[in-house]
Each structure stands twice: as C-alpha cells, then as structure tokens.
Amino acid sequence: MKLRVATVWLGGCSGCHMSFLDMDEYLIELAGLIDLVYSPVIDVKEFPDQVDVCLIEGAVCNEDNLEILRKIRERTRVLVSFGDCAVTGNVPAMRNPFGDDNRTDVLQRAYIDNTQDNPGVPKADGIVPQLLERVVPVHEAVYVEYFLPGCPPPAARIQEILGQIVTGQTPKLTGPQLKFG
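Numbering (my numbering), first residue to last: 11 to 191.
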C-alpha cells in the first residue's frame, strides 16, 4: 500500500516546495511509491484524514497557520519540519525582536507605509489572518518527529529523507545533510 503524503506551506517563501519540485526525475519514481493527498501543488481544499507523512514548510505566523497545523497533527502519523523557517522560525521570526506585540507595526508597514495605492489594512473577514504575538517554529506549536534543515533544503536532502521514509527506514540525516542555510 502506498504512503499517503502531504506537503503544507505555512509562513514562508515557498522555496522548500520549489526544492521539492527540483527533485526532477525522482518525482516520477516517487509518484509510484506514494499518494500525494494534499499540497500547494495539487488542488485539494481540505486536509485529509489518515495521512502517513506531512512535510511542513514555513513558520507558524498567524491564527490560520496554527489552526491548520493542529488539524494536520491530529490527522498525520509523522510530521517533518521542512526547511529552516519550519525548524527555527528563520526569516518570518525576524519580527519577534520588535516587541511583545509587534503585530500592529507589521501590518502598518506592510499595508500602509509600503503601498502607493489604497493604503489600509483589509478589514473583511478571511482576508488578513490574525497574526500571532510571536512567530514560532513548527515544533513549538505541535510535536514534530523529524527536522529537515536548509533554506531551502536541497533536492538531494529531500530525496534522501523521503527515500528513507518510503522504504520504511527511520530517517537519519548525517554529515552535510544536517546543514542549515
């Protein structure tokens, strides 16, 4: 039976998913070994039940991130923090040193100070999720089994950990596979 695999993009740049796609020909081999049941690269709206493995890219930045992450944890056997934002908070967490409640400043800078047309934070529900007080790495919000560092992790590193998982091995990253950045 094929493993049910998902990938998720929280607060980050999507570079990890670009590296995932950089596995090139291995994606064809991987497609024969897994069922990709949820991902930004496929059109599925609701995170499914009974997922075997989920690669989670990005830091936990807002209430929407936290809500989907909790749902993913409930429905997934093995979580992998996918890239430095998921592992450490990385670039999204750069707002954390700007005070205990920097959310207003962040929204001011993004939607008012740096716009030329129609400055203002959108007010309609569902447009701008409520920012968390602090950006956190995935493991500070839910339990994570494995960590896949890199910004983004190179395709070879992603292939290595996925290859270990689909063949039933316990994932182990050693030597250059552990490099951050």
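We treat Cβ as the ideally placed atom computed from N, Cα and C, and that holds for glycine.
Residues bridged to residue i [DSSP beta-bridge criterion]
i, result
"Gly-21", "Ala-69"
"Arg-14", "Asp-45"
"Val-63", "Val-15, Val-88"
Residue i - containing alpha helix (DSSP H), residue span
i, result
"Leu-37", "35-41"
"Leu-141", "Leu-141 -> not in any alpha helix (DSSP H); beta strand (DSSP E) instead, spanning 141-146."
"Val-176", "165-176"
Residue from the options with nearest C-alpha to residue i
i, options, result
"Cys-71", "Arg-14, Pro-163, Asp-111", "Asp-111"
"Asp-32", "Pro-139, Pro-162, Tyr-48", "Pro-162"
"Lys-81", "Glu-67, Ala-103, Val-61", "Val-61"
"Cys-23", "Pro-181, Tyr-36, Gly-68, Leu-37", "Gly-68"
"Leu-13", "Glu-35, Val-47, Pro-132, Thr-98", "Val-47"
"Glu-35", "Leu-158, Ala-166, Asn-128, Lys-182", "Ala-166"
"Thr-177", "Pro-147, Glu-39, Ala-16", "Glu-39"
"Met-11", "Ile-44, Ile-78, Ala-103, Cys-26", "Ile-44"
"Arg-144", "Arg-113, Ala-96, Ala-120, Val-63", "Arg-113"
"Val-63", "Gln-179, Lys-182, Ile-175, Leu-183", "Ile-175"
CB-CB length for residue i against residue j, believed under 8 Å
i, j, result
"Leu-117", "Val-101", "Not a contact, Cβ separation roughly 18 Å."
"Glu-155", "Val-51", "Actually they are not in contact, since the Cβ atoms of Glu-155 and Val-51 sit about 23 Å apart, beyond 8 Å."
"Phe-92", "Ile-122", "Not confirmed; about 33 Å, so no contact."
"Gly-78", "Val-18", "The sequence given here places Ile at residue 78; Gly does not occur at that position. Right, their Cβ atoms sit about 7 Å apart."
Residue i, buried or exposed, once every other Cβ within 10 Å from all chains shown has been counted against 16
i, result
"Gly-42", "exposed"
"Phe-30", "buried"
"Val-54", "exposed"
"Asn-75", "buried"
"Gly-21", "buried"
"Ala-134", "exposed"
"Thr-98", "buried"
Element boundaries [beta strand (DSSP E), containing residue i]
i, result
"Leu-158", "156-158"
"Val-87", "Note on residue identity: the sequence assigns Arg, not Val, to residue 87. Segment 86-92, the beta strand (DSSP E) holding Arg-87."
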